């Protein structure tokens, strides 16, 4: 399962009116798929690239200059079938944004699992026909 622009956009549009911190969703390559800051879409988030390359579950950016294309905040891995497929990042003081990041991460993972199960059910129904 992979993250898509469509899923990323849907999540951010649903959540951004509740959570007032900037949010980004990145794929495995560190490319920002969708963001509350539309100017960041399509750019590379170096902190996420480092996080995924190291198979880490999170990375904290303390200073905007720490990683190219990154801002102060936290980035958390998004997993599907025990594989890191991307990340969600929130900009702001880590103590403030981390709880929101954990909720968004879990929400995305649940959505992806639901999509996966729905596809399997549909495939099984097609196989029976």
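Numbering (my numbering), first residue to last: 759 to 887.
Ideal Cβ positions, reconstructed from N, Cα and C, are used throughout, including at glycine.
Quantities reported herein were computed from a predicted structural model and do not represent experimental measurements.
Review point. Would you report the Cα separation of residue 816 and residue 872, rounded to the nearest angstrom?
Key: 24 Å
Exercise for review: Take the Cβ of residue 877 as the centre, count every other Cβ of all protein chains shown within 10 Å, and call the residue buried at 16 or more, exposed below.
Suggested key: exposed
Check your understanding: Which class does residue 768 belong to by DSSP, given the choice of helix, strand or coil?
Key -> helix
**Study point:** Sub-8 Å separation of residue 759 and residue 838 beta-carbons
**Key:** yes
Review point. Does DSSP classify residue 827 as helix, strand or coil?
Key: coil
Point to revise | CB contact check: residue 786 to chain D, cutoff 8 Å | key: Absent from the structure is chain D; it holds one protein chain and no more.
Check your understanding: Do the stretch 790–797 and the stretch 765–780 make contact, defined as three or more Cβ pairs closer than 8 Å?
Key -> yes
**Study point:** Distance CB(residue 856)-CB(residue 825) smaller than 8 Å
**Key:** no
Review point. Based on the DSSP secondary-structure assignment, which residues constitute the bridge partners of residue 849?
Key: 831
Exercise for review: Could you tell me the boundaries of the alpha helix (DSSP H) in which residue 783 lies?
Suggested key: Where residue 783 is concerned, there is no enclosing alpha helix (DSSP H), although the beta strand (DSSP E) it sits in stretches over 781–785.
Check your understanding: Roughly how many angstroms lie between the CA atoms of residue 786 and residue 814, to the nearest whole one?
Key -> 12 Å
Review point. Which class does residue 791 belong to by DSSP, given the choice of helix, strand or coil?
Key: strand
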